[in-house]
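Here the structure comes first, spelled out in structure tokens, and everything after it is commentary.
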Amino acid sequence: MMHRSNLLSLGVVFATLLAGSLISYSQVKSKQILSSVNQNWVLDRPVNIASLANSNYQFCSQPDPKDWRDGAGVCFNFNKTGNRVEGYYGYPHSDHFICIRGAVNGNCIIGEALAISWAGNQWENRPESLLKWDSEGRLTLSQGYLITTLDDNRDDIKWILYRNASLNVEGFYQYNRPRMTSPSQLCDWKAK
């Protein structure tokens, strides 16, 4: 009798240990799956620009398309140093962009903008009053004036400086790396 009682006790202990290890394995496995899902989500979730380290970034209004495109929606490609950014805001795979530099406050950039006008992308006027640059209404410009006109024997190139620019990228998605053209290749702030 004693022998059966010991075997029964030992069986209960074994069953308890087995159940405990299965539960533990299940919890570890679900945490690994959740962790890998979260690692992918981190790259596509909205982020606060002011809290980023000094580096180059690309933020877009739509999540990373994870295909051949450089971005989706409207994008802000920039370099951040301290609380200052310098870059451009525009639509990937188009010549519709505007250079921006200024101070970061949360997800807003307050500073100035530089627009380039040429035959292929002509700006009809340069309003001194408030102008919404994009259809999304995220970039507001004012106090614009012509700073340079160059004749390169083909087209007139005009640089328009907007002394007041405000860009709000709240809710934009951070891409894992900048894929659009570098701002230093498109924005010539020395022209002003």
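So in full-length UniProt numbering, spot 36 of the sequence shown is number 36, and the numbers just go up one at a time.
Ideal placement from N, C-alpha and C gives every residue a C-beta, glycine not left out.
Please read these numbers as outputs of a predicted model, since none were measured by experiment.
Is the beta carbon of residue i less than 8 Å from the beta carbon of residue j?
| i | j | result |
| --- | --- | --- |
| Phe76 | Leu167 | yes |
| Leu161 | Leu114 | yes |
| Ile98 | Gly90 | yes |
| Gly71 | Arg177 | no |
| Asp64 | Tyr173 | yes |
Using DSSP with H/G/I as helix, E/B as strand and the rest coil, what is residue i?
| i | result |
| --- | --- |
| Trp159 | strand |
| Ser142 | strand |
| Asn54 | coil |
| Lys190 | helix |
| Arg177 | coil |
Nearest to residue i by CA position, among the options, is which residue?
| i | options | result |
| --- | --- | --- |
| Ser51 | Arg101, Gly82, Tyr173 | Gly82 |
| Leu139 | Lys158, Asn107, Ile157 | Asn107 |
| Ser142 | Arg163, Ile157, Ser135, Glu136 | Arg163 |
| Ile157 | Gly73, Val74, Thr181, Asp188 | Asp188 |
| Asn48 | Ile109, Val74, His96, Asp95 | Ile109 |
| Leu186 | Asp95, Glu170, Gly137 | Asp95 |
Near residue i, which residues of its chain fall below 7 Å by C-beta distance, leaving aside the five closest residues on each side in sequence?
| i | result |
| --- | --- |
| Gly111 | Ile100, Arg101, Gly102, Ala103, Ala165 |
| Tyr57 | Phe78, Lys80, Gln174, Pro178 |
Which residues in the same chain have their Cβ closer than 8 Å to the Cβ of residue i, if we skip the five residues on either side of it in sequence?
| i | result |
| --- | --- |
| Arg69 | Pro92, His93 |
| Arg84 | Arg101, Gly102, Ala103, Val104 |
| Pro183 | Asn77, Phe78, Asn79, Glu86, Gly87, Tyr88, Cys99 |
For the alpha helix (DSSP H) that residue i lies in, which residues bound it at each end?
| i | result |
| --- | --- |
| Leu186 | 183 to 186 |
Along the chain, where does the beta strand (DSSP E) that runs through residue i open and close?
| i | result |
| --- | --- |
| Leu130 | Segment: none, Leu130 is in no beta strand (DSSP E) and carries neither H nor E. |
| Val169 | Per DSSP, Val169 belongs to no beta strand (DSSP E) and is neither H nor E. |
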